[in-house]
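One structure is given below, encoded as structure tokens.
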Amino acid sequence: MSRTVRLGVDVGGTFTDVVLSTASGTLLTAKVPTTDDQSVGVVAGIEKVCADAGIDPGDVDSFTHAMTVSVNALLEDDGAETALVTTEGFRDVLEIGRQTRPDLYDITVEKPTPLVPRRRRFEVSERATVDGVQRAVDEQEVSAVADEIRATDAESVAVCLLHAYQHPENEQAVAAVLRDELDVPVSASHEVLAEFREYERTATTVADAYVTPVIDAYLGRLEERADELGVPAPRIMQANGGIASVETVRRHAVTTAMSGPAAGVVGAAETAGPVALDGLVTFDMGGTSSDVSLVRDGEIAQTTDAEINGRPLKTPMVDVETVGAGGGSIAWVDAGDALRVGPKSAGSDPGPACYGRGGTAPTVTDANVVLGYIGASSALGGELSVDESAAEEALSSLAAEAGLDDARHAARGVYSVANANMSRAIRSVTVERGYDPREFGIVAFGGAGPMHAAAVADTLGIQTVVVPRACGVLSAYGLLAADERHDSVRTLRSRLDAVATTAIERAYDELASDVLEDVLDTESAVVRRAADLRYVGQSFELTVPAPDQFDADVVARRFHEAHEQAYGYRLADPIELVNVRSSAVVERDAPPVSYEGGDAVRKASREVRFEAGTFETPVFDRESLAAHADVTGPAILEQDESTVVVPPAWRGTVGGDGTLVLRRGGDDE
């Protein structure tokens, strides 16, 4: 059956965003406060958007969902009581970690506390090497370990044995006994991450076990509530930018970390694709943080070297850089009398002072109110009104503490510091990776992104800002456009010039079988190959696409090019193949979007403070702007979920789908 009514729901730290697409191309959006039990807010958002559309929730054909359950558990150390079973002598790998430190000369730095304390880490006397199993598992010993685990009241178990990525037989035996004797989930490293590097594999497997019960409980509540509404069971966004079934996610819970930011990047790539730009910087500024990523030649940047709360996660993810600067980020003065913004946030309750819910701390949103970017005609989240006097009072208190003249000077300082934080994040995904940001455009979204995007672009020399029509809920829109995707990896170390092509092809065939097992429609799936390579003697790898029939010369050329792009040089040294990767992708077409607009409705006019000075600035209802209409700065464009700030030196054009393209100085080139 064709999917005509699509629903996407993305849970953020402050708001839950909802997008509904109908067969006629109508796109409806809603934004509701995020709740402690996220499924409650999800249901409230679904009911709201369906009421606005005049349809029953039972009319929805497909439901795709992104949430922060797993990442919150990892950030807040609020996951399951987890046990770890590992090879004798390797009990402390999880705690020892690596010798690298984020700041070499900081003698006060502390490593993150292991997710599994030592008392719940157990050993079995088995041994495997890269050449095979040397000592088989004693199942009676494993059974005794199961009794010890049971006595700890552990809620899940991670199993990570030495060299199980190459020879998993012992790990399979241990996992089988534990699954038979314990009534808790068991995560085995050869199933989670069949890749070498003991610490990273252990950390990722432990993270999977740590979030699995939390994810399982949440999805159970969500499925129950969706069924009561008559909405289909959700498909879940993964961190790799692809969706999967609830059953698949329950088996690979760690893949849901950072699913919301991944959905935003997918939505940005989809809506900004028609704009003639060589590359895109996606800029998602929400209530709690800002996320930036890169899209080049239509391909979303991926990574397998992510960290959450100082702990490595080696599963494939959309490469997102996050800074603690969102609309709700609190401004404060440090011990050196410097103005700082974030990472602490006011959240949604009580929220910024301007929400009128009892919050008194000055935030970025309050600064935007004092500067005039948000005013009485704005509707925060489509529901909240703006308490301008509360924002003024909060910024006045900050001004007194910081030694500034008044609330307006404090607001300008908060706005500038927040923009500087976000500019640094963009430099980290462009300049630090060999790209010139001036060659890219910014895609601005999130509740606060379009208010800051042009100012951030000014600091980086970027000429173009793209603001999608659904910018305030673009992560939810991305859920409607995301492909289904499943990934698998296997370590297969060999000198590239001595590689046995038959062995490589056999490994790729096995990986293809693995990823296709989770695909619902295998006939529509395309299997893509990649390889991780490095120069012999290097410590870390670069991932490049591999052809359908493995060709060492082609792969070598791609690696040399990727290395030169990333580091500015290439070597004549021999290349080592480290890992082979496969991804099964089922492409989905983005929903059709119709846009009409109309005669521009001028809602108000207010005094707005820009870097270039203070201007009496018209405020328009963005949805009233006709397709192909021109917008000249200074101007404020308001919609329920977001506000677009067009500074004096910028102008823009509304596209046929409602997308707004802003260019500095009105330059169309």
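Just so you know, we're using numbering that gives the first Met the number 0 here: the sequence shown kicks off at 0 and counts up by one. The beta carbon of each residue, even a glycine, is placed where N, CA and C say it ideally should be.
Those residues which DSSP pairs with residue i across a bridge
i    : result
I574 : Y534
I441 : V280 and V464
G612 : F609
H189 : The partner list for H189 (beta bridge, DSSP) is empty, contrary to what the question assumes.
I706 : Not covered by the structure: residue 706. The range shown for the chain is 0 to 668.
I120 : It should be noted that the sequence gives Arg, not Ile, for residue 120. According to DSSP, R120 bridges with L83.
E320 : V291
G651 : V630 and L661
L19  : L6 and L27
L103 : According to DSSP, which records beta bridges pairwise, L103 is partnered with nothing at all.
A127 : V132
R601 : F619
R249 : Paired residues: none, contrary to the question.
H485 : A583
V274 : DSSP, once it has assigned bridges, lists no residue as partnering V274.
I674 : No information on residue 674 is available, as it lies outside the stretch 0 to 668 that the chain covers here.
R310 : I307
Own chain partners of residue i with C-beta closer than 6 angstroms, once the 5 adjacent residues on each side are dropped
i    : result
G665 : Legend: pLDDT at G665 = 49, less than 50; position of this residue unreliable, value from coordinates given subsequently. Around G665: R650.
R220 : S38
A271 : L279, V442 and V465
L73  : I307 and N308
T303 : K313 and P315
V455 : N418, M421 and S422
R5   : S20, S61, L479 and P590
A50  : none
L177 : A145, V156 and V185
D277 : E438
E320 : V291, A424, S427 and V428
Cβ-Cβ distance between residue i and residue j below 8 angstroms
i    : j    : result
A481 : V265 : yes
P573 : V535 : yes
T490 : T314 : no
M257 : L478 : no
V18  : V274 : no
A626 : Y594 : yes
I214 : S69  : yes
V472 : T28  : yes
V156 : V136 : no
E170 : V158 : yes
V488 : E194 : yes
G297 : A268 : yes
Q462 : R663 : yes
A555 : A545 : no
L624 : V577 : no
Beta-carbon contacts of residue i that lie in its chain and below 8 angstroms, excluding the five residues immediately before and after
i    : result
V525 : A583, V584, V585 and E586
D102 : V108
T616 : G371, S604, R605, E606, V607, P633, A634 and I635
I329 : V340, G341, K343, S344, A345, A360, P361 and T362
V645 : A453, V630, T631, G632, P633, A634, I635, L636, G651 and L661
Same chain, Cβ closer than 7 angstroms to residue i, five either side skipped, listed in chain order
i    : result
L394 : P361, D365, A366, V369, A406, A409 and A410
D620 : V600, K602 and E637
V205 : T81, L83, L93, L114, V115 and A157
If you pair each beta-carbon of the stretch 276-286 with each one of the stretch 321-329, do three or more pairs fall below 8 angstroms?
Enough Cβ pairs lie closer than 8 angstroms, so yes.
Suppose only complete runs of 4+ residues qualify. What are the alpha helix (DSSP H) ranges in the stretch 492-571, listed by chain order?
Counting whole runs of 4 or more residues, the stretch 492-571 contains the alpha helix (DSSP H) stretches 500-515 and 551-566.
Count the CB pairs spanning the stretch 302-316 and the stretch 389-401 that are closer than 8 angstroms, and state whether there are at least three.
By the Cβ criterion, the stretch 302-316 is not in contact with the stretch 389-401, since fewer than three pairs of Cβ atoms, one from each stretch, lie closer than 8 angstroms.
Please determine if the stretch 199-215 and the stretch 78-91 are in contact, where contact requires at least 3 C-beta pairs separated by less than 8 angstroms.
Counting C-beta pairs closer than 8 angstroms gives three or more between the stretch 199-215 and the stretch 78-91, which meets the contact rule.
Using a Cβ distance threshold of 8 angstroms, determine whether the stretch 127-139 contacts the stretch 160-169, with at least three qualifying pairs required.
Yes: at least three Cβ pairs fall under 8 angstroms.
Across the stretch 361-375 and the stretch 57-64, are there enough close Cβ pairs to call them in contact, namely three or more that are closer than 8 angstroms?
These segments do not touch.
Does the structure place the stretch 29-49 close enough to the stretch 224-232 that three or more beta carbon pairs sit under 8 angstroms?
Remark: three or more beta-carbon pairs, one from each stretch, lie closer than 8 angstroms, so the stretch 224-232 and the stretch 29-49 are flagged as touching.
Whole alpha helix (DSSP H) elements within the stretch 341-388, 4-residue minimum:
Segments of the alpha helix (DSSP H) lying fully in the stretch 341-388: 363-370.
Quick check for students: name the residue ranges of the beta strand (DSSP E) that lie wholly in the stretch 182-240, counting only runs of 3 or more.
With a minimum length of 3 residues, the unbroken runs of beta strand (DSSP E) contained wholly in the stretch 182-240 fall at 185-187 and 234-236.
Any chance the stretch 2-11 sits against the stretch 245-263, with 3 or more Cβ pairs inside 8 angstroms?
Touching, per the Cβ criterion.
Quick one: complete alpha helix (DSSP H) runs, 4+ long, within the stretch 21-91?
Every unbroken stretch of the alpha helix (DSSP H) spanning 4 or more residues and falling wholly within the stretch 21-91 is given here in chain order: 37-52 and 68-75.
Does the structure place the stretch 288-296 close enough to the stretch 169-189 that three or more beta carbon pairs sit under 8 angstroms?
No, they do not touch.
Check whether the stretch 505-521 and the stretch 564-572 touch, using three or more Cβ-Cβ pairs below 8 angstroms as the test.
No contact exists between the stretch 505-521 and the stretch 564-572.
Taking only runs of the alpha helix (DSSP H) that begin and end inside the stretch 397-434, which ones reach a length of at least 4 residues, in chain order?
As far as the stretch 397-434 is concerned, its whole alpha helix (DSSP H) runs of at least 4 residues are 406-428.
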